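Right, one structure below, let's go through it.
Residue numbers (the working numbering): 3 to 188.
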């Protein structure tokens, strides 16, 4: 699902500043999620000082908790994906302010490729959070595609689309981050 957003007309310098702020916010959002992923993978339950539970009967097995499933997701590629996207968005932000079209011609396609790889990765185990993750990836992918097109053409309309799609993606990423914090207690 794509949202076609037509921003109100503003002078070009204000647009460039607004775009840089949105890109910077994306980097902060991704970094927050990447940090949560690191905390997830580093906060393994250390029960070395806790009383050892008695073994359960062989016929009973408890389903893993959501927190445990999120740990597994993080440890099996989720954290690496978040880290990669964080680095990619950081590079796009660096190339966007001040505008470096040659840099954007490299960083935007890299971001696109890594978002496509993330879309092929394992889903988050929490269905509602996974839906928001997919929406974040979709909108960030739209943003990266518009960025690539704008970097080649120099078309401000593409950079405006890049910024509006990134803004939507950030909102979904923030929701994912909030949910991870709630479930993980980070």
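Every residue, glycine too, gets a C-beta built ideally from N, C-alpha and C. Fair warning: this is a prediction, and the values are worked out from it, not measured in the lab.
Leaving aside the five residues before and after residue i along the sequence, list all residues of the same chain whose C-beta is less than 6 Å from its C-beta, in chain order.
i           : result
residue 125 : 132
Hey, how far is the Cα of residue i from the Cα of residue j?
i           : j           : result
residue 156 : residue 127 : 40 Å
residue 80  : residue 104 : 30 Å
residue 167 : residue 64  : 41 Å
residue 70  : residue 95  : 34 Å
residue 150 : residue 86  : 18 Å
residue 161 : residue 102 : 13 Å
residue 181 : residue 84  : 15 Å
residue 121 : residue 66  : 24 Å
residue 77  : residue 147 : 29 Å
residue 123 : residue 183 : 21 Å
residue 136 : residue 159 : 25 Å
residue 118 : residue 130 : 20 Å
residue 2   : residue 88  : The chain is shown from 3 up to 188; residue 2 falls before or after that span and cannot be answered.
Excluding the five sequence neighbours on either side, which residues of its own chain have a C-beta within less than 7 Å of the C-beta of residue i, listed in chain order?
i           : result
residue 107 : 153 and 154
residue 97  : 105, 106 and 109
residue 145 : 164, 167, 168 and 171
According to DSSP, simplified to helix, strand and coil, what is residue i?
i           : result
residue 129 : helix
residue 157 : coil
residue 171 : helix
residue 187 : coil
residue 180 : helix
Compute the beta-carbon to beta-carbon distance between residue i and residue j, rounded to the nearest angstrom, for a pair I have assumed lies under 8 Å.
i           : j           : result
residue 143 : residue 114 : 6 Å
residue 68  : residue 178 : Not really, about 14 Å apart at Cβ, beyond 8 Å.
residue 116 : residue 99  : About 21 Å; that fails the 8 Å criterion.
Considering only residues of the same chain and omitting the five flanking positions on each side of residue i, which have a CB-CB separation below 8 Å?
i           : result
residue 74  : 66 and 127
residue 187 : 69
Going along the chain, which unbroken runs of the alpha helix (DSSP H) with 4 or more residues stay wholly within the region 52–124? Within the region 52–124, the complete alpha helix (DSSP H) runs of at least 4 residues are 68–75, 81–98 and 103–122.
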